[in-house]
C-alpha cells in the first residue's frame, strides 16, 4: 500500500493490508530441518529454490547451513570445502600463443577537409601533402 507522506499524518488511513503466510516464527522439527538441509546440499537445485519450495526465507536456510558447517567443524568431521587448485608449469615450447590477425583500419571514403572558396569546392583527402594543399588554396585565391 502506498500512502503519501506529504500530509504528515493529518489525514486518516482508509485502507491497510494484513500479511499472512511466511513472516511468523516457526519451530521446525529436527527431522524436517535435516531433510531440508540435505536437499540444499544435494546440488540438484539452488539453495534459494529449496528455501522457496519449503516456504522459508533463503537467508534462513543459509544460516542453517552455516550453523551445520560450524557444528561439523567443532566435531572434527570433514566439512564440504573448495577443491584445491593444482597449477602445472607449462614448458615454453608447449605454449602456442593465439594467432592474432592484424587489424584492418577502416578508412572512410569521405574527404578529410572540404573547402569552398568563392563557389569552388575543393575536397582534400587524408594523407595529402601539406605543400600541395597550400598551393591549391593559393591558386584558388589568385584566380578569383
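Numbering (this note's numbering), first residue to last: 6 to 149.
The beta-carbon is built from N, C-alpha and C at its ideal position, and this holds for glycine as well.
| Can you give the Cα-Cα distance for residue 168 and residue 140, rounded to whole angstroms? | One cannot answer for residue 168 here, as it falls past the ends of the chain, which runs 6 to 149.
| request: Check the C-beta distance from residue 45 over to residue 66 and give it rounded, since I have them as a contact under 8 angstroms. | output: On the chain shown, residue 45 is found 40 positions in, with the first residue counted as 1. On the chain shown, residue 66 is found 61 positions in, with the first residue counted as 1. With 8 angstroms as the limit, residue 45 and residue 66 qualify as a contact, their Cβ atoms being about 6 angstroms apart.
| field | Identity of the residues DSSP links to residue 120 by a beta bridge | value | Taking the first residue of the chain shown as 1, we reach residue 120 at position 115. DSSP, once it has assigned bridges, lists 127 as partnering residue 120.
| task | Would you kindly report the start and end of the unbroken alpha helix (DSSP H) that includes residue 55? | result | In the chain shown, the residue the question calls residue 55 occupies position 50. Element bounds for residue 55: 52 to 58.
| field | Residues of its chain near residue 84, where Cβ-Cβ distance is below 6 angstroms and the 5 sequence neighbours each way are ignored | value | Counting from 1 along the chain shown, the entry for residue 84 is found at position 79. For residue 84, where only same-chain residues beyond five positions count, the Cβ hits under 6 angstroms are 74, 77 and 78.
| query | Run through DSSP, which three-state label would residue 33 get? | reply | If you number the chain shown from 1, residue 33 lands on position 28. Three-state result, residue 33: coil.
| Distance between residue 42 and residue 91 (C-alpha atoms, nearest Å) | Here residue 91 refers to the residue found at position 86 of the chain shown. Here residue 42 refers to the residue found at position 37 of the chain shown. Straight-line Cα distance between these residues: approximately 31 angstroms.
| Over what stretch of residues does the alpha helix (DSSP H) that includes residue 79 continue unbroken? | For the purposes of this step, residue 79 is taken as the residue at position 74 of the chain shown. Run containing residue 79: 63 to 80, per the alpha helix (DSSP H) assignment.
| field | Status (buried if at least 16 other CB within 10 Å, exposed otherwise) for residue 86 | value | Here the question's residue 86 lines up with position 81 in the chain shown. The residue in question, residue 86, is exposed, as its Cβ has fewer than 16 Cβ neighbours within 10 Å.
| query | DSSP three-state call for residue 47: helix, strand or coil? | reply | Here residue 47 corresponds to residue number 42 of the chain shown, with the count starting at 1. If DSSP states are grouped into helix, strand and coil, residue 47 belongs with coil.
| Local conformation of residue 136 per DSSP, three classes | In the chain shown, counting from the first residue as 1, residue 136 sits at position 131. In the structure shown, residue 136 sits in a helix (DSSP, three-state: H, G or I).
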